[in-house]
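Taking it in order: structure first as structure tokens, then the write-up.
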Amino acid sequence: MTMIRTLRSFHGATQVAVLLAVLLANWLVFPGFFAIRLQDGRLFGSLIDVLNRGSPVALLTLGMTLVIATGGIDLSVGAVMAIAGAVAATLTRDGQGLPVVLAVSLAAGLACGLWNGLLVAVLRIQPIVATLILMVAGRGIAQLITEGQIVTFVNPQLSALGSGEFLTVPMPVVIALGMLVLSLLLTRATALGMLIESVGINRVASAFAGINTGAVIVAVYVWCGLCSAVAGVIVAADIRGADANNAGLWLEMDAILAVVVGGTSLLGGRFGLAPAIVGAFIIQGMNTGILLSGFKPEFNLIVKATVIMIVLLVQSPAWRTFSLPSLPSLQRKHPGRTVP
Amino acid sequence: MDGPQEKPHLLEIRGLVKAFPGVLALDGINFTLRHGEVHALLGENGAGKSTLIKALTGVHPPDAGTFLLDGVAIAPRDVADAQRLQIGTVYQEVNLLPNLTVAQNLFLGREPTRFGLVQGAQMRQLSRVLLADYGLDIDVGLPLGQYSVAVQQVVAIARAVDLSAKVLILDEPTASLDLQEVAMLFTVMRGLKARGIGIIFVTHFLDQVFAISDRITVLRNGRLVGERVTATLSRRELVGMMLGHDLAAQQKQGPADAVAAKGPALISFRKVGKRRYLEPFDLEIRPGEVVGVAGLLGSGRTETAKLAFGITRADAGTILVEGKPVHLRSPRQAVRLGFGFCPEDRKVEGIVGALSVRENIILALQARRGWLNRLSRREQQAIADRFIKLLDIRTPDADRPIEVLSGGNQQKAILARWLATEPRFLILDEPTRGIDVGAHDEIIRLIKRLRSEGLALLTISSELEEIVSYSDRIVVLRDRHHVGALTGSDVSVERIMSTIAATGADAGARAPAAPDRPLASLTLP
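As given, the protein sequences belong to chains A and B, one line each in that order.
Numbers 9 to 348, taken from my numbering, label the letters of the first sequence in order.
Numbers 2 to 526, taken from my numbering, label the letters of the second sequence in order.
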């Protein structure tokens, strides 16, 4: 038991160690990195920037982790961000109040998630193909909502969600942490987390044990849609407008990367929400660090790739057996029974 | 058994040995295929049929032994190499390309060309001529996938034979065919025989074996049981060879402690069946009763279990629980009705490998409670600990992933999963398969104990002594029919075997076919 526990804590510890290393590297290239100052009741500084800028991807990561845990993937999160942002901006421009704006844009996210979930769970379309549909079509839908324009608005209440603060902490960070707590409650205070893992590891055996596997799968896509919509509203609030072409563009890749860096296997199964969030901030830490260092942005991608390779290497089974020979062999035994 | 021969046999396998880690899959097998014969290769699950074919086609290189083709030693490296050596294989799942046309499939990799361009018209013409030999007149320009499995199989055979096969291996070719299609395939096989091609026919339909094969070789647990000439073998003898019982040594048995449960049935199946899956059957199970299900591989044993647990939806009949009709459309509904099911393929359908023993044990109970009504960690631990102790599941602790446990302990954990739901009706499909002797006895004792506690059990096993030792009644299946129900003193290995082998089964069992032998009757000359 202790060995398994060590292994699990080792998992989360890797991500935290890498995050610290990235932050440390940032400090080396930019000595003022850890400087934080309080101004007008809000914290400022590079470290705060990393958290603030990383929050949208962190939100996407929450939903993506659960989707990936079921053995699926959601490519449409960026497009759903664009849809939610477009809805929020257009309604605000048209004079709707904040409650209506939030309700409708989050409902749009839920509907997108439901669509994905039904395609995957009921029609049994491969997740990568099923969500590709909305990835492509979603951006078109967002453009239809904004009528091809960049819709801007003036609404201090909504803007506060993107650029305001709560107890000196930037609002996006607070919202991301709030959603993390909500996601943890939803999966770990109920049995949903275990059911998600069970479906991801062995859907057939799960169904035979009486689990409603379809409902579990729909649920994770719906949650992923909601998280994406929240991210989309935050981004729109921050820039006080909606750009259907660029909002959330390519962020699905960062979110998938964050989940993998967070130690959840793309094959599904065991998942960790907190390590995945740390993974999202690792990615943002690198983005910020390269900007601060004055390197050309082109280096960003190469440095990112290198760090991610290191994280994946450390987690790979081959590396683990190499570095931790005392771990029990988790290899499955194939008794060689053949079926004539 | 072989007469003196002036020329060598078509194919001879001598002393074939193949070991996998922990299992001796083939233990010194000899096999002889003559020119122009259909030679059936038979055996239950795990007998070694597949391994033998894979060794012969180079998929699994043998550890020892020789292959002689027309007296010349060969050593195929892979399937393509085997094909070059004139050994062609056609699998149950046709391994051609369904999106290409029939003609393209027939000439894949050897298309007739002129100046580097494929001559489509010529290829189609050649294809039509080729298939005409097999009595097949179809549009060869259509995608293969548009035709039935039987046609696809004939196309696969035509391709294999046209690639100059002398030896043709048909691996369960009839498993998904209907009667007419089987008849068509047999006609093709007879044509090939006449051309001197030797056919190795792997199947588990005994009627077909008697209808088409000249010789029969039976394997069991990786060993050669024997080779017989079909015409001199009775069905009873064949069943005995496959199941490993010497007919002369049959006596006694019946569960010594069997006290047939009385009272109304807990579960009644009335004419429950599914087309092309399992013929409708009637079955009643009372509390405190074990009903055994016996039959050869492919006879419909697992299909019975899957219909009874709602995994496969029946398209006919009604199911009553305590006299009231119920809907049974999913395992989830079955679990709510208080059913449980330990599947045959533990790894694929039973365990959730990376989850802990504790989580695997509480999984069905948690699923029934719903996701909101979570069992607390302490409750989970208590349930897991109770069953680990009760069933003596050997694991260092409940948090170990179930996949690292031995087969027997995994099986006990799956049983615990269902016992934790306090079921009324438990279906056990091959509960003792692939587990060590100690755990084997424990599971049998457990079955008896559950019966005495008033559970209704439906138990499937290919171990006849085992099933006889604990069953109050036994349902016998053959070719997807429930063909008999044995009760009381009829519950014996002997009676099971004679029921399986029924249908006028004495030497050369080719007497007029009984009505429940449709395959044979249709294909008899």
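For every residue, glycine included, the Cβ atom is placed at its ideal position computed from N, Cα and C.
Note that the structure is predicted; figures quoted are calculated from it, not measured.
Beta-bridge pairing of residue i - partner residues as DSSP gives them
i	result
residue 290 (chain B)	B:457
residue 47 (chain A)	A:50
residue 144 (chain B)	B:102
residue 40 (chain B)	B:201 and B:216
residue 562 (chain B)	Only positions 2 to 526 of chain B appear in the structure, and residue 562 (chain B) is not among them; the question remains open.
8 Å Cβ cutoff, residue i in contact with chain A
i	result
residue 88 (chain B)	no
residue 350 (chain B)	yes
residue 461 (chain B)	no
residue 355 (chain B)	yes
residue 77 (chain B)	no
residue 302 (chain B)	no
residue 369 (chain B)	yes
residue 265 (chain B)	no
residue 195 (chain B)	no
residue 217 (chain B)	no
residue 239 (chain B)	no
residue 63 (chain B)	no
residue 364 (chain B)	yes
residue 14 (chain B)	no
residue 224 (chain B)	no
residue 423 (chain B)	no
residue 418 (chain B)	yes
residue 201 (chain B)	no
residue 228 (chain B)	no
residue 290 (chain B)	no
residue 9 (chain B)	no
Assumed close pair residue i, residue j - CB separation to whole angstroms, cut-off 8 Å
i	j	result
residue 252 (chain A)	residue 150 (chain A)	4 Å
residue 207 (chain B)	residue 239 (chain B)	7 Å
residue 399 (chain B)	residue 386 (chain B)	7 Å
residue 340 (chain B)	residue 282 (chain B)	Contact flag wrong, Cβ pair sits at about 17 Å.
residue 72 (chain A)	residue 263 (chain A)	4 Å
residue 402 (chain B)	residue 355 (chain B)	5 Å
residue 100 (chain B)	residue 146 (chain B)	6 Å
residue 49 (chain B)	residue 220 (chain B)	5 Å
residue 282 (chain A)	residue 272 (chain A)	No, residue 282 (chain A) and residue 272 (chain A) are not in contact; Cβ-Cβ is about 11 Å, not under 8 Å.
Neighbour flag for residue i against chain B, beta carbons, 8 Å
i	result
residue 277 (chain A)	yes
residue 218 (chain A)	yes
residue 198 (chain A)	yes
Span separating the alpha-carbon of residue i from that of residue j
i	j	result
residue 17 (chain B)	residue 109 (chain B)	33 Å
residue 276 (chain B)	residue 301 (chain B)	12 Å
residue 218 (chain B)	residue 114 (chain B)	44 Å
residue 218 (chain A)	residue 131 (chain A)	20 Å
residue 307 (chain B)	residue 313 (chain B)	6 Å
residue 129 (chain A)	residue 502 (chain B)	45 Å
residue 173 (chain B)	residue 33 (chain B)	19 Å
residue 209 (chain B)	residue 111 (chain B)	34 Å
residue 419 (chain B)	residue 347 (chain B)	14 Å
residue 9 (chain A)	residue 275 (chain A)	With a pLDDT of 42 at residue 9 (chain A), under the threshold of 50, the predicted position of this residue should be treated as unreliable, and no value is reported.
residue 23 (chain A)	residue 269 (chain A)	7 Å
residue 320 (chain B)	residue 10 (chain B)	55 Å
residue 107 (chain A)	residue 287 (chain A)	32 Å
residue 257 (chain A)	residue 68 (chain A)	12 Å
residue 296 (chain A)	residue 112 (chain A)	33 Å
residue 91 (chain B)	residue 40 (chain B)	15 Å
residue 432 (chain B)	residue 473 (chain B)	17 Å
residue 119 (chain A)	residue 259 (chain A)	20 Å
residue 4 (chain A)	residue 58 (chain A)	Nothing about residue 4 (chain A) can be reported from this structure: the residues present for chain A run from 9 to 348 only.
residue 81 (chain B)	residue 62 (chain B)	14 Å
residue 394 (chain B)	residue 74 (chain B)	50 Å
residue 141 (chain A)	residue 434 (chain B)	45 Å
residue 146 (chain A)	residue 66 (chain A)	21 Å
residue 207 (chain A)	residue 201 (chain B)	41 Å
When Cβ atoms are compared, which residues of the segment 200-216 of chain A fall closer than 8 Å to chain B?
200, 202, 203, 205, 206, 209, 210, 212, 213, 214, 215 and 216
Could you run through the segment 240-272 of chain A and flag, in chain order, every residue whose CB is less than 8 Å away from some CB of chain B?
Within the segment 240-272 of chain A, no residue has a Cβ lying closer than 8 Å to any Cβ of chain B.
What are the residues in the segment 322-338 of chain B lying within 7 Å of chain A by C-beta distance?
Within the segment 322-338 of chain B, the qualifying residues are 332, 333 and 336.
Against chain A: residues of the segment 372-385 of chain B by CB proximity under 8 Å:
Contact residues of the segment 372-385 of chain B toward chain A are 372, 373, 374, 375 and 376 (C-beta to C-beta distance below 8 Å).
Residues within the segment 271-286 of chain B neighbouring chain A, beta-carbon criterion of under 9 Å:
none
Chain A contacts made by the segment 112-144 of chain B, where a contact means CB separation under 9 Å
none
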